[in-house]
Amino acid sequence: MLACVCLNPSFDRTVSLCSFTAGDVNRVLSARQDVGGKGINVAITARRLGIASCVLGCAGKNGIDAVRRKLDGEQVTHVFLPVDGDVRTNMKIVPQDGTGVTELNEPGAPVNAANQRAFSDLLTEKTVAGQYVVLTGSLPPECPPEYYRDLMLSLPERLFVLDVSGAALMAGLAARPFLVKPNRSELQAAMNRPLPTMADVHQAALELLEMGAQNVLVSLGSEGALWVSERGAMVAPAIPVRVQSTVGAGDAMVGGVMAGLEKTGDVRRALAYGAAAGCASVMTEGTQLIRPDDFAALLPQVQIQDV
Numbered sequence: 000m001l002a003c004v005c006l007n008p009s010f011d012r013t014v015s016l017c018s019f020t021a022g023d024v025n026r027v028l029s030a031r032q033d034v035g036g037k038g039i040n041v042a043i044t045a046r047r048l049g050i051a052s053c054v055l056g057c058a059g060k061n062g063i064d065a066v067r068r069k070l071d072g073e074q075v076t077h078v079f080l081p082v083d084g085d086v087r088t089n090m091k092i093v094p095q096d097g098t099g100v101t102e103l104n105e106p107g108a109p110v111n112a113a114n115q116r117a118f119s120d121l122l123t124e125k126t127v128a129g130q131y132v133v134l135t136g137s138l139p140p141e142c143p144p145e146y147y148r149d150l151m152l153s154l155p156e157r158l159f160v161l162d163v164s165g166a167a168l169m170a171g172l173a174a175r176p177f178l179v180k181p182n183r184s185e186l187q188a189a190m191n192r193p194l195p196t197m198a199d200v201h202q203a204a205l206e207l208l209e210m211g212a213q214n215v216l217v218s219l220g221s222e223g224a225l226w227v228s229e230r231g232a233m234v235a236p237a238i239p240v241r242v243q244s245t246v247g248a249g250d251a252m253v254g255g256v257m258a259g260l261e262k263t264g265d266v267r268r269a270l271a272y273g274a275a276a277g278c279a280s281v282m283t284e285g286t287q288l289i290r291p292d293d294f295a296a297l298l299p300q301v302q303i304q305d306v
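Below, the structure written as structure tokens:
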């Protein structure tokens, strides 16, 4: 079973507009709300691809029942530690003129030191040696940036996948995670330099290997994805599709990769699964993630290339 950690779930409210102008009245064409949180998105994607998945996390007492109902409906098992506060609401503003998504993310309910210790105990209890465990998403208030690192160091026999950014990513590399998955923007921030070309991205990924990562997967939007390890590098070019929403596409890619690893144990095949899942995700509105039929149609089109 795939385990996904979600310490800061959310309600993702996506609004679509013709165009968005800051400081002015903007007319909404459509709106939808989905249960979100990166760990939840990864688990749902993997489950839709046939992989038994579990979400372990913390959630604000106000809203936790809606999160549980969503996961029950997706046949994803879950254990949440309730904490004081509300499940946060994140706003995604999606203009149809192609100017890019604007996101307004609330901080979420605080997870204090006692909650952190309780969650560490829960992760120890609910996972086993050799199991893939995905650590992803923003840390809630009161969680230090080293928290993911400390979880990994306490359970070195698990196969951790780290999909975070900023200080949490840099701290986590010391625990030698099995896989890290930055996007280009996050990788540029980690390297403190622009990475305009694929060669630049490749070099930065190699530097993450030197810092401790065992494998690096960089999601590159319309350019696809790059997988780098000590054994070499592969790229999965993106498949042209009609884009409805890019929100959650990176999470869907991680879910696809994990499904591929669980099903085949082959990294090359896992990258193909991830690329197909990421492309399938952008074909849906809001944070609906993938439709299995879309994934099945896209997977044969993925052409993995050695770099």
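Using numbering that gives the first Met the number 0, the letters of the sequence shown map in sequence onto residues 0 to 306. Ideal placement from N, C-alpha and C gives every residue a C-beta, glycine not left out.
On the three-state DSSP scale, how would you describe F19?
-> Coil at F19, not helix or strand.
One or two residues paired with S218 in a DSSP bridge = Paired residues: N182, A224.
DSSP on Q32, reduced to helix/strand/coil?
-> Strand.
Based on Cα-Cα distance, which residue from A58, Q115, Q74, N114 lies nearest to T88?
-> If we check each option's Cα against that of T88, A58 comes out closest.
I think V54 touches L70, with their Cβ atoms under 8 Å apart; what is that distance to the nearest whole Å?
-> Going by Cβ atoms, the distance from V54 to L70 rounds to 6 Å, so yes, they are a contact pair.
Contact check, A271 vs A237, beta carbons under 8 Å | Cβ distance not < 8 Å, so A271 and A237 don't count as in contact.
With DSSP as the reference, label M90 as helix, strand or coil.
-> Taken through DSSP and simplified to helix, strand or coil, M90 comes out as strand.
Can you check whether the CB of L134 is closer than 8 Å to the CB of L154?
-> Result no, Cβ atoms of L154 and L134 do not sit closer than 8 Å.
Minimum C-alpha distance to M257 - residue among T286, E156, G38, D293 | Nearest C-alpha to M257: G38.
Smallest Cα separation from N214: which of S221, A204, E222?
-> Selected option, being the one with the closest Cα: A204.
Proximity to Q287 [Cα-Cα], best of T44, S137, V24 = That would be T44, whose Cα lies nearest to the Cα of Q287.
By the 10 Å Cβ neighbour count, where 16 or more other Cβ atoms means buried, how is S244 classified, buried or exposed?
-> S244 comes out buried.
Which listed residue (L219, V240, A113, D33) has its alpha carbon closest to that of M252 | With distances taken between CA atoms, M252 lies nearest to L219 out of L219, V240, A113, D33.
Opposing strand residues paired with H201 [DSSP bridges] = Paired residues: none, contrary to the question.
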